[in-house]
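Last residue of the sequence shown: 401 (UniProt numbering), numbering continuous. Heads up, the beta-carbon is just placed ideally off N, CA and C, and yes, glycines get one too. Some notes on the structure that comes next.
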Amino acid sequence: MQHELQLPSQKKHKSGRAKWWIIFILLCVVALAAWMYWKKNQVAEQRYSQWAKPVPVRVISAVQQDLNIELKAMGTVIPANQVNVQSQVSGVLQQIYVQEGQEVKKGQLLAQIDPAPLQMTLQQAIGTLQQTEAQRSHAQSELARFELLFKQDSIAKQQVEQQQSLLKQLDAQVKANQAQVDSARLQLSYSKIYAPISGRVGFKQKDPGNLVQANEATGLLSIIQVRPIYVKFAVAQTALDQIRQQRKQQNNLVVTLWDRDDSKQLAVGQVSALDNQIDVSTGSIQIKALFPNQDDALFPNQFVNVRLNTEHIANALTLSSDAIQHGAKGSYVYIIDGENKAQIRTLQLGKVAAGNTQILAGLTAKERVVLEGVDRLSEGQEVQVVQDDRKTSTQVTTASL
1 MQHELQLPSQ KKHKSGRAKW WIIFILLCVV ALAAWMYWKK NQVAEQRYSQ
51 WAKPVPVRVI SAVQQDLNIE LKAMGTVIPA NQVNVQSQVS GVLQQIYVQE
101 GQEVKKGQLL AQIDPAPLQM TLQQAIGTLQ QTEAQRSHAQ SELARFELLF
151 KQDSIAKQQV EQQQSLLKQL DAQVKANQAQ VDSARLQLSY SKIYAPISGR
201 VGFKQKDPGN LVQANEATGL LSIIQVRPIY VKFAVAQTAL DQIRQQRKQQ
251 NNLVVTLWDR DDSKQLAVGQ VSALDNQIDV STGSIQIKAL FPNQDDALFP
301 NQFVNVRLNT EHIANALTLS SDAIQHGAKG SYVYIIDGEN KAQIRTLQLG
351 KVAAGNTQIL AGLTAKERVV LEGVDRLSEG QEVQVVQDDR KTSTQVTTAS
401 L
(Lines of atoms letter the chains of each structure in order from A and count residues from 1; the text may use other names and numbers.)
(Lines give C-alpha, C1' and ligand atoms only; values in the text may rest on other atoms or scores of the structure.)
Protein backbone atom coordinates (compact mmCIF):
# COMPACT_ATOMS: atom_id res chain seq x y z
CA MET A 1 0.00 0.00 0.00
CA GLN A 2 2.79 2.41 0.83
CA HIS A 3 4.50 1.65 -2.46
CA GLU A 4 1.35 2.40 -4.42
CA LEU A 5 0.80 5.73 -2.58
CA GLN A 6 4.24 7.02 -3.63
CA LEU A 7 3.68 6.56 -7.38
CA PRO A 8 1.74 9.79 -8.06
CA SER A 9 4.42 11.83 -6.33
CA GLN A 10 7.17 10.36 -8.49
CA LYS A 11 5.24 11.01 -11.68
CA LYS A 12 4.74 14.64 -10.70
CA HIS A 13 8.47 15.05 -10.07
CA LYS A 14 9.42 13.59 -13.47
CA SER A 15 6.89 15.80 -15.28
CA GLY A 16 8.47 18.92 -13.77
CA ARG A 17 11.94 17.96 -14.91
CA ALA A 18 10.73 17.39 -18.49
CA LYS A 19 9.24 20.87 -18.62
CA TRP A 20 12.51 22.42 -17.57
CA TRP A 21 14.36 20.50 -20.32
CA ILE A 22 11.90 21.71 -22.93
CA ILE A 23 12.32 25.32 -21.77
CA PHE A 24 16.12 24.94 -21.92
CA ILE A 25 16.05 23.57 -25.46
CA LEU A 26 13.75 26.37 -26.62
CA LEU A 27 16.10 28.97 -25.14
CA CYS A 28 19.05 27.38 -26.96
CA VAL A 29 17.19 27.42 -30.28
CA VAL A 30 16.26 31.08 -29.82
CA ALA A 31 19.85 31.96 -28.92
CA LEU A 32 21.22 30.11 -31.98
CA ALA A 33 18.74 31.83 -34.29
CA ALA A 34 19.64 35.22 -32.84
CA TRP A 35 23.36 34.54 -33.31
CA MET A 36 22.90 33.43 -36.94
CA TYR A 37 20.82 36.52 -37.70
CA TRP A 38 23.51 38.74 -36.20
CA LYS A 39 26.26 36.92 -38.15
CA LYS A 40 24.36 37.30 -41.42
CA ASN A 41 24.02 41.03 -40.87
CA GLN A 42 27.72 41.28 -40.10
CA VAL A 43 28.69 39.50 -43.35
CA ALA A 44 26.33 41.69 -45.35
CA GLU A 45 27.78 44.79 -43.75
CA GLN A 46 31.31 43.58 -44.53
CA ARG A 47 30.39 42.86 -48.16
CA TYR A 48 28.72 46.20 -48.51
CA SER A 49 31.76 47.82 -46.96
CA GLN A 50 34.07 45.97 -49.40
CA TRP A 51 32.01 46.86 -52.49
CA ALA A 52 31.76 50.41 -51.32
CA LYS A 53 35.55 50.73 -51.36
CA PRO A 54 37.40 51.67 -54.62
CA VAL A 55 38.35 48.57 -56.62
CA PRO A 56 42.11 48.17 -57.20
CA VAL A 57 42.86 47.84 -60.94
CA ARG A 58 45.76 47.68 -63.36
CA VAL A 59 45.42 49.86 -66.44
CA ILE A 60 46.99 49.94 -69.89
CA SER A 61 46.38 51.94 -73.04
CA ALA A 62 45.97 51.22 -76.73
CA VAL A 63 49.18 51.57 -78.73
CA GLN A 64 49.61 53.08 -82.20
CA GLN A 65 51.96 50.79 -84.12
CA ASP A 66 52.58 48.95 -87.41
CA LEU A 67 50.94 45.54 -87.63
CA ASN A 68 52.16 42.63 -89.73
CA ILE A 69 49.52 40.00 -90.44
CA GLU A 70 50.92 36.50 -90.88
CA LEU A 71 49.79 32.99 -91.75
CA LYS A 72 51.33 30.18 -89.72
CA ALA A 73 52.20 26.77 -91.13
CA MET A 74 54.55 23.82 -90.75
CA GLY A 75 57.18 23.49 -93.47
CA THR A 76 59.90 21.14 -94.68
CA VAL A 77 63.30 22.26 -95.92
CA ILE A 78 64.16 20.90 -99.37
CA PRO A 79 67.36 21.41 -101.40
CA ALA A 80 67.31 23.73 -104.39
CA ASN A 81 68.84 20.93 -106.47
CA GLN A 82 69.62 17.30 -105.71
CA VAL A 83 71.66 14.98 -107.93
CA ASN A 84 72.36 11.27 -107.70
CA VAL A 85 75.79 11.06 -109.30
CA GLN A 86 75.98 7.99 -111.55
CA SER A 87 78.63 6.60 -113.83
CA GLN A 88 77.72 6.79 -117.51
CA VAL A 89 80.07 3.93 -118.37
CA SER A 90 80.67 0.50 -116.88
CA GLY A 91 84.03 -0.28 -115.35
CA VAL A 92 86.10 -0.53 -112.19
CA LEU A 93 85.93 2.47 -109.86
CA GLN A 94 89.55 3.52 -109.46
CA GLN A 95 89.26 6.50 -107.12
CA ILE A 96 86.90 8.96 -105.42
CA TYR A 97 88.49 12.39 -105.03
CA VAL A 98 86.08 13.98 -102.52
CA GLN A 99 85.18 13.34 -98.91
CA GLU A 100 81.71 12.69 -97.51
CA GLY A 101 80.09 15.94 -96.44
CA GLN A 102 82.53 18.04 -98.47
CA GLU A 103 81.45 21.18 -100.29
CA VAL A 104 82.15 20.92 -104.03
CA LYS A 105 81.93 23.29 -106.98
CA LYS A 106 80.25 22.61 -110.29
CA GLY A 107 82.76 20.93 -112.66
CA GLN A 108 84.98 19.61 -109.86
CA LEU A 109 86.43 16.11 -110.42
CA LEU A 110 84.65 13.58 -108.21
CA ALA A 111 85.72 10.10 -109.31
CA GLN A 112 87.66 8.09 -111.89
CA ILE A 113 86.56 4.92 -113.69
CA ASP A 114 89.34 2.70 -115.10
CA PRO A 115 89.90 4.22 -118.57
CA ALA A 116 92.01 1.38 -120.07
CA PRO A 117 89.17 -0.60 -121.74
CA LEU A 118 87.69 2.61 -123.09
CA GLN A 119 91.04 3.74 -124.45
CA MET A 120 91.38 0.43 -126.29
CA THR A 121 87.92 0.81 -127.79
CA LEU A 122 88.87 4.29 -128.95
CA GLN A 123 92.08 3.05 -130.55
CA GLN A 124 90.17 0.33 -132.38
CA ALA A 125 87.69 2.86 -133.70
CA ILE A 126 90.50 5.13 -134.83
CA GLY A 127 92.21 2.21 -136.61
CA THR A 128 89.00 1.29 -138.44
CA LEU A 129 88.51 4.90 -139.46
CA GLN A 130 92.03 5.18 -140.81
CA GLN A 131 91.58 1.97 -142.79
CA THR A 132 88.34 3.22 -144.32
CA GLU A 133 89.90 6.59 -145.14
CA ALA A 134 92.75 4.80 -146.95
CA GLN A 135 90.24 2.78 -148.97
CA ARG A 136 88.37 5.93 -149.85
CA SER A 137 91.57 7.66 -150.92
CA HIS A 138 92.41 4.72 -153.18
CA ALA A 139 88.87 4.74 -154.61
CA GLN A 140 89.18 8.45 -155.40
CA SER A 141 92.43 7.83 -157.28
CA GLU A 142 90.88 4.96 -159.20
CA LEU A 143 87.86 7.08 -160.10
CA ALA A 144 90.11 9.80 -161.49
CA ARG A 145 91.99 7.23 -163.56
CA PHE A 146 88.74 5.62 -164.82
CA GLU A 147 87.35 8.99 -165.84
CA LEU A 148 90.53 9.70 -167.86
CA LEU A 149 90.33 6.32 -169.57
CA PHE A 150 86.66 6.85 -170.29
CA LYS A 151 87.46 10.12 -172.04
CA GLN A 152 89.94 8.17 -174.16
CA ASP A 153 87.24 5.58 -174.92
CA SER A 154 89.44 2.96 -173.25
CA ILE A 155 86.79 1.70 -170.79
CA ALA A 156 83.05 1.53 -170.64
CA LYS A 157 80.97 4.11 -168.80
CA GLN A 158 79.63 1.37 -166.53
CA GLN A 159 83.05 0.97 -164.91
CA VAL A 160 83.17 4.67 -164.12
CA GLU A 161 79.72 4.54 -162.55
CA GLN A 162 80.65 1.50 -160.47
CA GLN A 163 83.72 3.31 -159.16
CA GLN A 164 81.64 6.38 -158.32
CA SER A 165 79.21 4.17 -156.36
CA LEU A 166 82.09 2.55 -154.49
CA LEU A 167 83.46 5.96 -153.54
CA LYS A 168 80.09 7.04 -152.16
CA GLN A 169 79.91 3.86 -150.09
CA LEU A 170 83.36 4.53 -148.68
CA ASP A 171 82.42 8.17 -147.92
CA ALA A 172 79.47 6.91 -145.90
CA GLN A 173 81.66 4.33 -144.19
CA VAL A 174 84.17 7.01 -143.23
CA LYS A 175 81.38 9.05 -141.61
CA ALA A 176 80.15 5.99 -139.73
CA ASN A 177 83.66 5.18 -138.54
CA GLN A 178 84.17 8.80 -137.51
CA ALA A 179 81.00 8.60 -135.43
CA GLN A 180 82.36 5.47 -133.75
CA VAL A 181 85.56 7.32 -132.93
CA ASP A 182 83.60 10.25 -131.49
CA SER A 183 81.45 7.87 -129.45
CA ALA A 184 84.49 6.03 -128.11
CA ARG A 185 86.16 9.32 -127.24
CA LEU A 186 82.96 10.46 -125.45
CA GLN A 187 82.79 7.18 -123.52
CA LEU A 188 86.41 7.68 -122.49
CA SER A 189 85.61 11.18 -121.23
CA TYR A 190 82.86 9.67 -119.07
CA SER A 191 85.50 7.75 -117.15
CA LYS A 192 86.15 11.02 -115.30
CA ILE A 193 83.08 12.01 -113.28
CA TYR A 194 82.59 15.71 -112.52
CA ALA A 195 80.18 17.50 -110.20
CA PRO A 196 77.09 18.60 -112.18
CA ILE A 197 76.15 21.21 -109.52
CA SER A 198 77.72 23.01 -106.60
CA GLY A 199 76.70 21.66 -103.23
CA ARG A 200 77.41 19.27 -100.40
CA VAL A 201 78.45 15.65 -100.98
CA GLY A 202 76.51 12.92 -99.20
CA PHE A 203 77.62 9.45 -98.16
CA LYS A 204 79.37 7.44 -100.88
CA GLN A 205 77.56 4.35 -102.17
CA LYS A 206 80.58 2.67 -103.80
CA ASP A 207 84.18 2.19 -102.71
CA PRO A 208 87.17 2.17 -105.07
CA GLY A 209 87.82 -1.26 -106.56
CA ASN A 210 84.16 -2.08 -107.10
CA LEU A 211 82.75 -2.74 -110.54
CA VAL A 212 80.08 -0.19 -111.40
CA GLN A 213 77.49 -0.39 -114.12
CA ALA A 214 76.46 2.44 -116.39
CA ASN A 215 73.50 4.43 -115.00
CA GLU A 216 73.28 2.21 -111.93
CA ALA A 217 70.30 3.26 -109.77
CA THR A 218 72.24 3.52 -106.50
CA GLY A 219 74.88 5.76 -108.06
CA LEU A 220 78.25 6.63 -106.55
CA LEU A 221 77.20 9.48 -104.26
CA SER A 222 74.72 12.35 -104.05
CA ILE A 223 75.10 16.13 -104.11
CA ILE A 224 72.55 18.57 -102.75
CA GLN A 225 72.53 22.32 -103.26
CA VAL A 226 71.90 24.07 -99.93
CA ARG A 227 72.72 27.68 -100.88
CA PRO A 228 70.11 28.82 -101.72
CA ILE A 229 67.57 26.39 -100.29
CA TYR A 230 63.79 26.00 -100.41
CA VAL A 231 61.07 25.43 -97.83
CA LYS A 232 57.77 23.84 -98.88
CA PHE A 233 54.62 24.39 -96.82
CA ALA A 234 50.85 24.37 -97.24
CA VAL A 235 48.17 26.93 -96.38
CA ALA A 236 44.39 26.64 -96.45
CA GLN A 237 42.75 27.42 -99.78
CA THR A 238 40.74 30.17 -98.02
CA ALA A 239 43.96 32.19 -97.82
CA LEU A 240 44.71 31.86 -101.54
CA ASP A 241 42.90 35.04 -102.63
CA GLN A 242 44.67 37.11 -99.99
CA ILE A 243 48.07 35.72 -101.00
CA ARG A 244 47.45 36.33 -104.71
CA GLN A 245 46.34 39.91 -104.05
CA GLN A 246 49.44 40.60 -101.99
CA ARG A 247 51.66 39.12 -104.73
CA LYS A 248 50.07 41.49 -107.23
CA GLN A 249 50.60 44.48 -104.96
CA GLN A 250 54.19 43.65 -104.07
CA ASN A 251 56.88 41.63 -105.79
CA ASN A 252 57.98 39.67 -102.74
CA LEU A 253 55.98 38.06 -99.93
CA VAL A 254 58.24 37.82 -96.89
CA VAL A 255 58.52 34.45 -95.13
CA THR A 256 60.24 33.92 -91.78
CA LEU A 257 61.27 30.54 -90.40
CA TRP A 258 61.33 29.55 -86.74
CA ASP A 259 62.58 26.43 -84.98
CA ARG A 260 60.34 23.56 -83.83
CA ASP A 261 59.74 25.26 -80.46
CA ASP A 262 58.76 28.48 -82.25
CA SER A 263 61.22 30.35 -80.04
CA LYS A 264 64.16 31.14 -82.34
CA GLN A 265 64.07 32.76 -85.78
CA LEU A 266 66.18 30.80 -88.27
CA ALA A 267 65.93 32.63 -91.59
CA VAL A 268 64.11 35.22 -93.68
CA GLY A 269 63.20 34.60 -97.32
CA GLN A 270 60.46 35.14 -99.85
CA VAL A 271 57.77 33.20 -101.70
CA SER A 272 59.13 31.82 -104.97
CA ALA A 273 56.18 29.84 -106.33
CA LEU A 274 52.64 28.61 -105.73
CA ASP A 275 51.51 25.19 -106.87
CA ASN A 276 49.17 25.10 -109.88
CA GLN A 277 46.39 23.23 -108.10
CA ILE A 278 44.72 22.75 -104.72
CA ASP A 279 45.07 19.42 -102.93
CA VAL A 280 41.47 18.20 -102.77
CA SER A 281 42.24 15.77 -99.94
CA THR A 282 43.40 18.52 -97.58
CA GLY A 283 41.87 21.65 -99.07
CA SER A 284 45.26 23.35 -99.08
CA ILE A 285 47.76 24.68 -101.60
CA GLN A 286 51.51 24.08 -101.60
CA ILE A 287 53.88 27.06 -101.52
CA LYS A 288 57.65 27.20 -101.98
CA ALA A 289 59.83 29.89 -100.42
CA LEU A 290 63.49 30.60 -101.21
CA PHE A 291 66.17 31.34 -98.59
CA PRO A 292 69.85 32.34 -99.14
CA ASN A 293 71.00 30.06 -96.26
CA GLN A 294 74.49 31.54 -96.24
CA ASP A 295 74.89 30.57 -92.57
CA ASP A 296 73.72 26.97 -93.19
CA ALA A 297 70.96 27.37 -90.59
CA LEU A 298 68.64 25.26 -92.73
CA PHE A 299 69.22 21.58 -93.45
CA PRO A 300 67.38 19.40 -95.99
CA ASN A 301 64.31 17.59 -94.58
CA GLN A 302 64.34 19.80 -91.48
CA PHE A 303 60.91 20.67 -90.04
CA VAL A 304 60.36 24.37 -89.36
CA ASN A 305 57.59 26.75 -88.33
CA VAL A 306 56.67 29.07 -91.20
CA ARG A 307 55.22 32.57 -90.91
CA LEU A 308 54.01 34.07 -94.16
CA ASN A 309 53.58 37.85 -94.09
CA THR A 310 50.33 38.47 -95.99
CA GLU A 311 49.46 42.01 -94.94
CA HIS A 312 51.08 45.11 -93.44
CA ILE A 313 48.86 47.58 -91.56
CA ALA A 314 50.66 50.85 -90.92
CA ASN A 315 50.01 52.85 -87.74
CA ALA A 316 47.28 50.53 -86.42
CA LEU A 317 45.67 51.12 -83.00
CA THR A 318 46.14 47.90 -81.00
CA LEU A 319 45.17 46.74 -77.52
CA SER A 320 46.02 43.70 -75.43
CA SER A 321 43.37 41.06 -76.12
CA ASP A 322 43.21 40.24 -72.38
CA ALA A 323 41.58 43.61 -71.69
CA ILE A 324 38.70 43.02 -74.12
CA GLN A 325 35.44 41.58 -72.79
CA HIS A 326 32.71 39.96 -74.88
CA GLY A 327 29.01 40.10 -74.12
CA ALA A 328 25.56 40.02 -75.67
CA LYS A 329 25.99 43.54 -77.03
CA GLY A 330 29.40 42.85 -78.52
CA SER A 331 33.00 43.50 -77.50
CA TYR A 332 33.78 46.11 -74.87
CA VAL A 333 36.35 47.34 -72.36
CA TYR A 334 36.25 49.20 -69.07
CA ILE A 335 37.88 52.61 -69.27
CA ILE A 336 38.69 54.87 -66.31
CA ASP A 337 37.35 58.41 -66.57
CA GLY A 338 38.72 61.57 -64.96
CA GLU A 339 36.87 60.84 -61.71
CA ASN A 340 38.47 57.39 -61.42
CA LYS A 341 35.21 55.63 -62.21
CA ALA A 342 34.77 52.67 -64.55
CA GLN A 343 32.84 53.20 -67.77
CA ILE A 344 31.90 50.60 -70.38
CA ARG A 345 33.12 51.34 -73.91
CA THR A 346 31.89 49.27 -76.89
CA LEU A 347 34.55 48.51 -79.52
CA GLN A 348 34.79 47.65 -83.20
CA LEU A 349 37.60 45.12 -83.63
CA GLY A 350 39.90 44.28 -86.53
CA LYS A 351 42.75 41.78 -86.89
CA VAL A 352 43.70 39.60 -83.92
CA ALA A 353 47.37 38.94 -83.37
CA ALA A 354 49.69 37.24 -80.86
CA GLY A 355 48.09 38.78 -77.82
CA ASN A 356 47.01 42.01 -79.52
CA THR A 357 43.79 43.11 -81.23
CA GLN A 358 43.39 45.89 -83.77
CA ILE A 359 40.89 48.55 -82.63
CA LEU A 360 38.91 50.02 -85.51
CA ALA A 361 36.59 52.26 -83.48
CA GLY A 362 35.53 53.05 -79.91
CA LEU A 363 38.86 53.83 -78.27
CA THR A 364 41.75 56.30 -78.39
CA ALA A 365 45.38 55.82 -77.47
CA LYS A 366 45.14 58.25 -74.52
CA GLU A 367 42.40 56.45 -72.59
CA ARG A 368 43.07 54.25 -69.57
CA VAL A 369 41.82 50.70 -70.11
CA VAL A 370 41.40 48.19 -67.26
CA LEU A 371 43.49 45.05 -67.75
CA GLU A 372 43.22 43.45 -64.29
CA GLY A 373 40.38 43.77 -61.78
CA VAL A 374 37.61 43.60 -64.40
CA ASP A 375 35.73 40.83 -62.55
CA ARG A 376 34.80 43.22 -59.70
CA LEU A 377 33.81 46.18 -61.85
CA SER A 378 30.44 47.56 -62.83
CA GLU A 379 29.33 50.70 -64.62
CA GLY A 380 30.20 53.75 -62.48
CA GLN A 381 32.27 51.75 -59.97
CA GLU A 382 34.99 53.81 -58.29
CA VAL A 383 38.49 52.41 -58.80
CA GLN A 384 41.99 52.80 -57.47
CA VAL A 385 44.76 52.49 -60.06
CA VAL A 386 47.49 50.43 -58.41
CA GLN A 387 49.54 49.80 -61.58
CA ASP A 388 49.71 51.98 -64.68
CA ASP A 389 51.30 50.20 -67.66
CA ARG A 390 50.34 52.60 -70.39
CA LYS A 391 52.73 52.72 -73.35
CA THR A 392 53.49 55.60 -75.65
CA SER A 393 56.21 54.06 -77.82
CA THR A 394 55.52 52.93 -81.37
CA GLN A 395 56.70 49.47 -82.43
CA VAL A 396 55.94 46.74 -84.93
CA THR A 397 53.60 43.96 -83.87
CA THR A 398 53.16 40.74 -85.78
CA ALA A 399 49.78 39.09 -86.01
CA SER A 400 49.43 35.39 -86.73
CA LEU A 401 46.34 33.82 -88.26
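(message) If you reduce the DSSP assignment to three classes, tell me which class Val370 lands in.
(response) strand
(message) Let's test the definition: count the other Cβ atoms within 10 Å of the Cβ of Val255 and tell me whether it reaches 16, buried, or not, exposed.
(response) Buried, by the Cβ-count rule.
(message) Quick check on the DSSP output: what are the complete alpha helix (DSSP H) runs of length 4 or more inside the stretch 234-302, in order along the chain?
(response) 240-249
(request) For Ala214, collect the residues of the same chain with a Cβ closer than 7 Å to its Cβ; drop the 5 residues on either side in sequence, then sort them by chain order. (result) Ser87, Gln88, Val89, Ser90
(request) Would you decide whether Glu70 is buried or exposed? Buried here means 16 or more other CB atoms lie within 10 Å of its CB. (result) Glu70 should be labelled buried.
(message) Less than 8 Å between the beta carbons of Gln237 and Ile197, yes or no?
(response) no
(message) If contacts are defined as beta-carbon pairs under 8 Å, then Val369 and Val59 qualify, I think. What distance do you get, rounded to the angstrom?
(response) About 6 Å separates the two Cβ atoms, so the contact holds.
(request) Go ahead and label Lys329 buried or exposed: buried means 16 or more other beta carbons lie within 10 angstroms of its beta carbon, across all protein chains shown. (result) exposed
(request) Please go through the same chain and pick out, in chain order, the residues whose beta-carbon is closer than 7 Å to the beta-carbon of Asn315, but skip the five residues on each side of it. (result) Gln64, Asp66
(message) Check this for me: beta carbons of Leu371 and Ala323, under 8 Å apart or not?
(response) yes
(message) Looking at the strands, I want to know which residues DSSP matches up with Gln64.
(response) According to DSSP, which records beta bridges pairwise, Gln64 is partnered with Leu317.
(request) Measure from the alpha carbon of Gln245 to the alpha carbon of each residue in Thr310, Ala297, Val280, Gly101, then state which is nearest. (result) Thr310
(message) If I measure Cβ to Cβ from Tyr194 and keep anything under 7 Å in the same chain, skipping five residues before and after, which residues do I get?
(response) Closer than 7 Å at the Cβ level, and outside the excluded window around Tyr194, lie Gly107, Gln108, Leu109, Leu110.
(message) Check whether the stretch 133-140 and the stretch 169-176 are in contact - that is, three or more C-beta pairs closer than 8 Å.
(response) Counting C-beta pairs closer than 8 Å gives three or more between the stretch 133-140 and the stretch 169-176, which meets the contact rule.
(message) Which residue wins for smallest C-alpha separation from Gln130, given the options Gln180, Asn81, Leu118?
(response) Gln180
(request) Under 6 Å Cβ to Cβ from Asp114, same chain only, skipping five residues before and after it: list those, please. (result) Gly91, Val92, Gln94
(message) Do Gln348 and Ala361 count as a contact pair if the criterion is CB distance below 8 Å?
(response) yes
(request) Please go through the stretch 87-144 and give each complete alpha helix (DSSP H) segment of 4 or more residues, from N-terminal end onward. (result) none
(request) Would you mind listing the beta strand (DSSP E) stretches within the stretch 184-228 that are 3+ residues and don't spill past its ends, in chain order? (result) 192-194, 199-201
(request) Have a look at Gln159 and Lys192 and give me their C-alpha separation to the nearest angstrom. (result) 51 Å
(message) Which same chain residues end up closer than 6 Å to Gln387 when comparing Cβ atoms and leaving out the 5 residues on each side of it in sequence?
(response) Arg58
(request) Could you name the residues of the same chain whose beta carbon sits closer than 6 Å to that of Leu149, not counting the 5 residues immediately before and after it, in chain order? (result) Ile155
(request) Given a cut-off of 8 Å, decide if Gly355 and Ser331 are closer than it, judged by their beta-carbon atoms. (result) In terms of Cβ geometry, Ser331 and Gly355 do not form a close pair [threshold 8 Å].
(request) Compare the C-alpha of Glu382 against each of Leu26, Lys19, Leu257, Lys53 and name the closest. (result) With distances taken between Cα atoms, Glu382 lies closest to Lys53.
(message) For a test of the three-state rule: what should DSSP assign to Arg376, helix, strand or coil?
(response) helix
(message) Under DSSP, the beta strand (DSSP E) around Ala361 begins and ends at which residues?
(response) Counting along the chain, the beta strand (DSSP E) containing Ala361 begins and ends at 356-361.
(message) For Gly101 and Leu308, I'd like the C-alpha separation in whole angstroms.
(response) 32 Å
(request) For Ser61, count neighbouring C-beta atoms within 10 Å of its own C-beta (all shown protein chains included) and say buried if the count is 16 or more, exposed if not. (result) It is buried - the Cβ of Ser61 has at least 16 other Cβ atoms within 10 Å.
(request) Measure the C-alpha to C-alpha separation of Gln178 and Ile126 and round it to an integer number of angstroms. (result) 8 Å
(request) Give me the Cα-Cα distance between Thr76 and Gln286, rounded to the nearest whole angstrom. (result) 11 Å
(message) Comparing C-alpha positions only, which one of Val280, Asn305, Leu253 sits nearest to Gln270?
(response) Of the residues Val280, Asn305, Leu253, the one whose Cα lies closest to the Cα of Gln270 is Leu253.
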